[in-house]
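Residues 37 to 440 in my numbering are what the sequence shown lists, from first letter to last. A short write-up of the structure that comes next.
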Amino acid sequence: MNFDFDGVLLALSFALDCVEHDLLGVETNHGKRVAALAILIGDRLGAISDGGDKQLLSACSVMHDCALTEYVSEEFGGSFERAAKMLPSDMGKHCIMGEEIMQLLPFQYFDVKNVVLYHHENADGSGAFGKKAEEIPQKERLIQMADTVDAAFDTSSLNDAKIQEIREYICKYSGEFFAKSEADALLSLLDDDILSRLANDNIDAFLNELLPGGNISCTPPQLVDFASAFAKIIDYKSHFTRNHSIGIAQKAMKMARFYGADEELAAELYFAGALHDIGKLVVDRAVLEKPDKLNAGEYLHIQKHAYYTHKILSQVKGLEEITKWASHHHEKLDGTGYPFGLKANQLGKWERLLACLDIYQALTEERPYKASMPHDKAMEILNDMSKSGKLDAQIVEDIDKVLA
37 MNFDFDGVLL
47 ALSFALDCVE
57 HDLLGVETNH
67 GKRVAALAIL
77 IGDRLGAISD
87 GGDKQLLSAC
97 SVMHDCALTE
107 YVSEEFGGSF
117 ERAAKMLPSD
127 MGKHCIMGEE
137 IMQLLPFQYF
147 DVKNVVLYHH
157 ENADGSGAFG
167 KKAEEIPQKE
177 RLIQMADTVD
187 AAFDTSSLND
197 AKIQEIREYI
207 CKYSGEFFAK
217 SEADALLSLL
227 DDDILSRLAN
237 DNIDAFLNEL
247 LPGGNISCTP
257 PQLVDFASAF
267 AKIIDYKSHF
277 TRNHSIGIAQ
287 KAMKMARFYG
297 ADEELAAELY
307 FAGALHDIGK
317 LVVDRAVLEK
327 PDKLNAGEYL
337 HIQKHAYYTH
347 KILSQVKGLE
357 EITKWASHHH
367 EKLDGTGYPF
377 GLKANQLGKW
387 ERLLACLDIY
397 QALTEERPYK
407 ASMPHDKAME
417 ILNDMSKSGK
427 LDAQIVEDID
437 KVLA
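Next comes the structure, spelled out in structure tokens:
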């Protein structure tokens with residue numbers, strides 16, 4: 037399967053930004069600004085030799101905090117409030133988790149090993165793993181510097197006063213947080229108007245100019261690994277649903293094989309199942325975590341996640357079919373679903389399948405406010421919905437056979 041590499045980065049950056057904003061209060065487009073800053077500093081140093089270097093830097097910059105949701109769930113019981121108070125010494129744990137996710141991604145054209153692992157190291161060895169600047173490859177140092185500066189100062193809105201603050205900060209911590217060569221390069225960039233293009237209105241176009249473009253090709257196993265990595269990010273947003281997306285992805289692949297799909301199509305359905313709830317990264321965490329029944333306003337708010345799944349995935353050329361399958365998982369055959377109110381003649385087989393599997397998975401998984409439902413009870417509900425014209429009756433029958 038082929039799809040646009042840069043489009044994937046920009047789409048996933050949007051989703052991950054929502055997580056960082058929720059946890060750390062970091063302003064939107066943080067990952068994109070880290071990527072742009074790292075590339076600019078690297079260019080100024082003459083450290084970027086080709087488009088592959090830019091893709092490596094941009095990919096790792098966008099993904100540098102990809103494990104935050106998993107880390108918060110595992111280490112802080114899902115409490116973003118407790119996690120926001122974590123000490124610098126705690127940073128290493130989420131770096132290790134992030135490194136594990138990075139190794140699942142299809143970056144076959146360049147080596148991403150240790151780039152995310154060491155993105156919280158300081159030049160003097162005072163970082164999470166005690167590595168000094170000379171022990172860390174330059175790409176890791178570029179990302180660490182860009183991340184630190186943007187998180188501290190929000191480079192999306194620069195003015196003379198803020199630039200002076202950044203200048204003083206870099207000078208103060210040159211040789212301590214930052215290697216002197218990178219510090220000097222960023223200081224020289226502060227005199228350049230190019231940094232004004234880090235503003236939120238400009239950053240997408242600016243990053244597109246910096247990146248070389250091109251498609252990435254994935255084998256079916258690579259696509260499954262890629263999808264599994266992002267399912268972890270999505271599901272850990274709420275500890276109520278930590279296995280939801282993976283569960284749907286696995287069942288979608290199983291059903292695809294039942295229908296005689298080849299390995300590529302089965303992997304694409306796995307991908308759609310794994311990313312169907314990527315839009316939940318945009319949804320208010322308080323609504324996702326509410327243990328009681330949602331009120332009308334909260335229900336309308338959470339419904340937005342399917343639209344955001346469409347918005348995020350539709351940015352990526354090559355994922356057109358997967359985008360439909362993933363973002364239409366709450367549509368109903370009678371037109372009463374969301375986000376688009378599609379009817380039977382507008383919904384294909386795989387969209388219908390994911391709609392059924394989403395309901396089945398939600399019914400059969402345990403939540404803090406309910407026990408898991410056995411297969412037979414879940415099928416009673418699905419059968420009732422098919423009889424009322426909401427779900428595909430044949431697919432419901434097939435799910436009963438395959439998943440019993």
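Cβ atoms here follow ideal geometry from the backbone N, Cα and C, with glycine treated the same way.
Query, Result
"Which residues in the same chain have their Cβ closer than 8 Å to the Cβ of K340, if we skip the five residues on either side of it in sequence?", "G315, V318, V319, P375"
"Under 8 Å: do the region 234 to 244 and the region 266 to 281 share three or more Cβ pairs, one atom per stretch?", "no"
"With DSSP run on the structure shown, which of helix, strand or coil describes N238?", "coil"
"Between which two residues does the alpha helix (DSSP H) carrying N251 extend?", "No alpha helix (DSSP H) holds N251; the beta strand (DSSP E) holding it covers 251 to 253."
"Quick one: Cα of T255 to Cα of E300, how far?", "8 Å"
"Would you decide whether S363 is buried or exposed? Buried here means 16 or more other CB atoms lie within 10 Å of its CB.", "buried"
"Can you give the Cα-Cα distance for H100 and H155, rounded to whole angstroms?", "7 Å"
"Considering F39, what are the terminal residues of the beta strand (DSSP E) in which it resides?", "38 to 40"
"Leaving out five residues on either side along the sequence, give the residues of the same chain with a beta carbon under 6 Å from the beta carbon of L52.", "G67"
"Taking the runs of the beta strand (DSSP E) that are 3 residues or longer, which of them lie wholly in the region 171 to 256?", "251 to 253"
"For R293, which of P410, V438, S224 has the nearest alpha-carbon?", "V438"
"Using 8 Å as the threshold, is the region 156 to 165 in touch with the region 189 to 196, meaning 3 or more CB pairs across them?", "no"
"Can you check whether the CB of I270 is closer than 8 Å to the CB of P142?", "no"
"Taking the runs of the beta strand (DSSP E) that are 3 residues or longer, which of them lie wholly in the region 291 to 370?", "none"
"Check whether the Cβ atoms of D370 and K379 lie closer than 8 Å to each other.", "yes"
"Hey, L153 and I132 are a contact pair by Cβ (cut 8 Å); roughly how many whole angstroms apart?", "7 Å"
"What's the C-alpha gap between R80 and D89?", "14 Å"
"What residue range does the alpha helix (DSSP H) around L393 cover?", "385 to 400"
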